[in-house]
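The listed protein sequences correspond, in order, to chains A and B.
Mapping of the first sequence onto this note's numbering: residues 29 to 222, in sequence order.
Mapping of the second sequence onto this note's numbering: residues 57 to 843, in sequence order.
For each residue, glycine too, the CB sits at the ideal point set by N, CA and C.
Below: one structure, written as structure tokens.
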Amino acid sequence: MLETEQIIKDLEQGDDDDLFKKRQSVRLLPENARFYPSAGGLISMTLTHPDGHEEHFERVVAVRSFPISDPDVYIAIREPDSRTKERGQEIGLIYTLSDFDPETVKLLNQELSLRYFTPAITKVYSLKEKLGYIYCDVDTTAGKFSFVLRNPSSNVRTLEDKRVMISDIDGNCFVIMDPQKLDRSSLKKIEIYL
Amino acid sequence: MRSAWVNAMLPLNKPDEEILQRFMAAGVAEDDILAALYMDLNTAGAFGACWLVLDHKRLRLCRLDVSTDTYDEFELAYFCDPYIDNFASSNRLLAYRHDRPVPERGDLDDEAYQALRDAFCREGTTAIVGYCTNACKRRLFAFVYIWERLMRGEIVREDDPIFEQFNAKCPKCGTVYPDQERRICEKCSHRKNMIFRLLSYFKDFKVQLVTVLICMLVTSGISLLTPIVSGQMLYDQVISEPTFSESGEQLTGRWHDIGYVYVFVGILVGMALLSLLASIVQNRANAHMSTCVTRDMKNDIFRAMNKLSLSYFNANPTGRLINRVNYDAVRIRNFYIDGVPHLIVNLLNFIGLTIFLLLINWKLTLIVFVPVPIIVVMFRTQLPKLWRAFSLQYRRSSSMNAMLGDSLNGIRVVKAFAKEAEESHSFYRYSTKLYQANLKANLISITIFPIVGLLIGISSQAIWGYGGIEVMSRHMTYGQLTTYLGYVGMIFGPLNFFSTFTNLLTDTINSAERMFDILDMIPEINDAPDAVKLDEIRGDIEFKDVCFHYTPNRPILKEVSFHISAGDHVGLVGHTGSGKSTIANLITRMYDVVSGSITIDGYDVKQIEQKSLRKNIAIVSQEIFLFLGTIADNIRYARPEATMEEVIAAAKAANAHDFILNLPEGYETEVGIGSRSLSGGERQRISIARALLLSPSLLIMDEATAAMDTETERLISEAVDKLIEGRTTITIAHRLSTLKNCNYLMAIENGEIAERGTAEELLAKKGVYYRLYTLQNEQMKKVAQGL
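Right under this line is the structure:
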């Protein structure tokens, strides 16, 4: 018990700040954040603190706040989740991607397009319905692919801006930017599910 | 040396001959491959094919990107700690690349070695190994598991539980699914099978089914005969004057006598009555059969659902499940009761009508069939539009209902933020959308059907014209013509039905599939065939290297091991999401461990009969649920046979007795959904009483007293302490004061037991518990100082 009291006394003296340390997310601008490709093809970053001190991150993770409606604003830059630290903390927030130079924008967009891998369907080769599963052969912006769709009434979603989001039975996402702009035979095949 | 225990490639992905040849050319023999993984995205992240293999002889990871035809090798000693980045619909496998090999463990203890490894990790650079979509996700996870085991020098055998998920079998016929990621058994889920399987619901109603069919045949037979009786008999042979053909054969007026008028009118009335009788009998038979069949189906679905494990309910929203129980059964019933008999009758009608029409006058029949192709084409092209419009209407009306339900459920929030006007406006938006959809559907239907009507009309006029000439030239009688026109009006009914039937069939099959999906699903958690029935549990619990996750790559528990002796009172502390409640769920076997084992009294929980396990364990969880019914019913939910004395004693122990008696209807107060008369703390106390009444050998209190004030909590904990003497109790809490009566505590962090010991010991360790303790103390001090 004595020991407990000692600990409480220690606490009162307030020498335990590091126990409660949590990173404060900052707004990221070209002035304080520099992004560049890492050796392994990922994104590294150097953050300049207001006191001029530079912090280096071997790898950072970019996450969109509004991945569907507004992918270029409020992009969070986080430390990667790791085995030792579990969830990575947010380093900062990019308010608008266009704040940065084109090269950085390209670098970040490249990474973001991998993270939000949503190939756009450009052509529908065949659509076969069998036992309630719809087998789709399509061409997408990322190449030809076959997927299986189930329960189209809940897995095919038309957004306000005509975009159609499709999620297949594995949880992969596809998009049709504007079904009306597909060629006639593709549209005819997919029409009944829209 | 390691290759000694590897006999064959582990059953993950099996590269075909061509791929093996390519690896062979790069110096990787088939025997050297421990495991191979197929990734459906290439190294640039686009669709393609990429193979990874673990070469256990040379300890290398080899990668072959088929789409770009590139081959790479990574020495595993310098390339370690694989990590999967879960994206929305794809996954990226990363690993750390180093300049020096992974440090040897030597004689370091766990903590020191971990620190050394952490430091080593930080100096490496992250490298991308490959990408795949979610279709390969589970195999990717298994591959990483094998990789890690290999690096630790551990053996992964073919019979490792990790491979079980890739050998799932169809629950009905026992064949291994051809595509493990998509568990569809081609053999069993055949459409024909389904239709016959559904028929089994009608097996007790053979008489009714036959009756319905006979009645339908009678009605349609009568409707076929009526034009003949009224036209060719009553008009031609009774009402008309006798006429003769050129050859002297009498054409009309055979029974030209007033008496026959009464006879034929009587026959017509009789036929109408018979038809009415048949349809009454048919409807009565239907009413009985359809309600019974729907009831049976709903019961079956609900029973099957109840057997499923918790993870199923986590994955499926309640609304959807309710829909399945309610609408799918009704839709299937409609198909068999309305669809199938109508199909038979319409088919017979169509054949009969065509024959009659041809018999009466084959030339006129050609005129009738001129618009038929046009009408069929119209139905085929226009009706899908109408169905789409109806489906849009359905979707809009369900989103309007969802919005309505949402808003009314949250009416207190709406009012609190004075958002009534906005909610009304939002409802207006939804109802306008529904109105537009309704309008669209109506416009289509009021366009299609008049056009069809017009076509039929034109063909009737043509028949009048051509038929008139035929009558005048005495090739047919006037009565034959009216009979004929009567039949023409009838022939479009079956055509309309056939064009809608395919739709009805598809809908039914979808419903049936959803229904059989549930009926055939094998619960993830099952009693072993040789499950042990334990009448009483002492409460000795042991976790051995337990790993658990809900989604791969987000481990909740990482190789957790601990032992709780019978009669111990243990407290679990830790941050939100650290895995405390998961431990409780695993003990009660709501989920099965991914690896490792949990034993209770020396028996693996998987070997204990679920019923006897749960009868001995009571859990008061943070989610309180009171069923519709009285308070007393709710308290004795787990033991309906409990006496009133026992109910009151349990309520007293849970400190609920006083407030219950303050309610006007005491223990008979109705509670449940929507009942807002009880506060959160009161509801929690009822759920504690429910658990205490079970008098369990093992009690788990998962944040059970979180919604109570400190004073009530103290009262309850005292009462509970008295009750649980000698029984194993696990208390999970954020508020450390809840845990003061525990024998010892376990602090959980990041899915591991970070600390274990008495409160004093943990404080001295200055770890997780200390941190929580100081934080809570700090808060209290601030309150005291009025900060």
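- Among the CB atoms of chain B, none fall inside 8 Å of the CB of A:Tyr64.
- A residue is called buried when at least 16 other Cβ atoms come within 10 angstroms of its Cβ; A:Glu86 meets this threshold and is buried.
- By the rule that beta-carbons nearer than 8 Å mark a contact, B:Thr686 does not touch chain A.
- For B:Ile314, the enclosing alpha helix (DSSP H) starts and ends at 314 to 363.
- Under the criterion of beta carbons closer than 8 Å, B:Leu613 and B:Thr638 qualify as touching, at roughly 6 Å.
- By the Cβ rule, the stretch 375 to 389 of chain B counts as touching the stretch 560 to 568 of chain B, because three or more pairs are nearer than 8 Å.
- In the DSSP assignment, B:Cys106 falls within the unbroken beta strand (DSSP E) covering 103 to 111.
- Listed in chain order, the positions of the stretch 87 to 110 of chain B with a beta carbon within less than 7 Å of a beta carbon of chain A are Gly101, Ala102, Phe103, Gly104.
- In the three-state reduction of the DSSP assignment, A:Lys190 falls in the coil class.
- Per DSSP, the unbroken alpha helix (DSSP H) holding B:Asp166 starts and ends at 166 to 179.
- For the pair B:Leu329 and B:Thr282, the CB atoms are not nearer than the 8 Å cut-off.
- Interface flag for A:Arg143 against chain B is set, since a Cβ pair is found closer than 8 Å.
- In the displayed model, A:Val91 falls within a strand according to three-state DSSP.
- Considering only beta carbons, the part of the stretch 167 to 184 of chain B lying closer than 9 Å to chain A consists of Gln170, Arg173, Asp174, Cys177, Arg178, Gly180, Thr181, Thr182, Ala183, Ile184, in chain order.
- If you look at B:Gln841, you'll find it in the alpha helix (DSSP H) that goes 824 to 841.
- A distance of 8 Å or more separates the beta carbons of B:Val626 and B:Tyr825.
- Taking 8 Å as the threshold, the shortest C-beta distance from B:Ala810 to chain A does not fall below it.
- Interface with chain B (8 Å Cβ-Cβ cutoff): A:Arg87 is included.
- Straight across, the Cα-Cα distance linking B:Asp624 with B:Thr350 is about 51 Å.
- Closest in alpha carbon position to A:Glu188, among B:Val426, B:Met577, B:Glu598, B:Lys489, is B:Lys489.
- The C-beta distance from B:Thr644 to B:Ile675 rounds to 6 Å, short enough to meet the 8 Å contact threshold.
- In the structure shown, B:Cys798 adopts coil according to DSSP, grouped into three states.
- Scanning chain A for C-beta atoms nearer than 9 Å to the C-beta of B:Pro440 yields Glu219, Ile220, reported in chain order.
- Look at A:Asn179 here: in three-state DSSP terms it is coil, with no helix or strand label.
- Classified as buried, B:Phe572 has 16 or more neighbouring CB atoms from the shown chains inside 10 Å of its CB.
- The stretch 645 to 657 of chain B makes contact with the stretch 589 to 600 of chain B, as at least three CB pairs between them are under 8 Å.
- In the DSSP assignment, B:Gly595 falls outside any beta strand (DSSP E), carrying neither H nor E.
- With fewer than 16 other CB atoms across the displayed protein chains lying within 10 angstroms of its CB, B:Leu464 is exposed.
- If you draw a straight line from the Cα of B:Asn190 to the Cα of B:Asp166, it is about 35 Å long.
- Ranking B:Gly823, B:Asp356, B:Ala745 by CA distance to the CA of B:Asp714 puts B:Ala745 first.
- Three or more pairs of CB atoms, one per stretch, sit closer than 8 Å, so the stretch 139 to 151 of chain B contacts the stretch 194 to 203 of chain A.
- The secondary-structure analysis by DSSP pairs B:Cys118 across a beta bridge with B:Val109, B:Glu129.
- Taking a Cβ-Cβ threshold of 7 Å, the residues of chain A close to B:Asn190 are Asp198, Gly199, Asn200, in chain order.
- Cβ-Cβ distances below 7 Å link B:Tyr486 to Ser455, Met456, Met459 in the same chain, with the five nearest sequence neighbours on each side left out; the list follows chain order.
- By alpha-carbon distance to B:Val527, the top candidate from B:Val266, B:Thr787, B:Thr308, B:Ser753 is B:Thr308.
- In this chain, the alpha helix (DSSP H) harbouring B:Phe425 covers 418 to 425.
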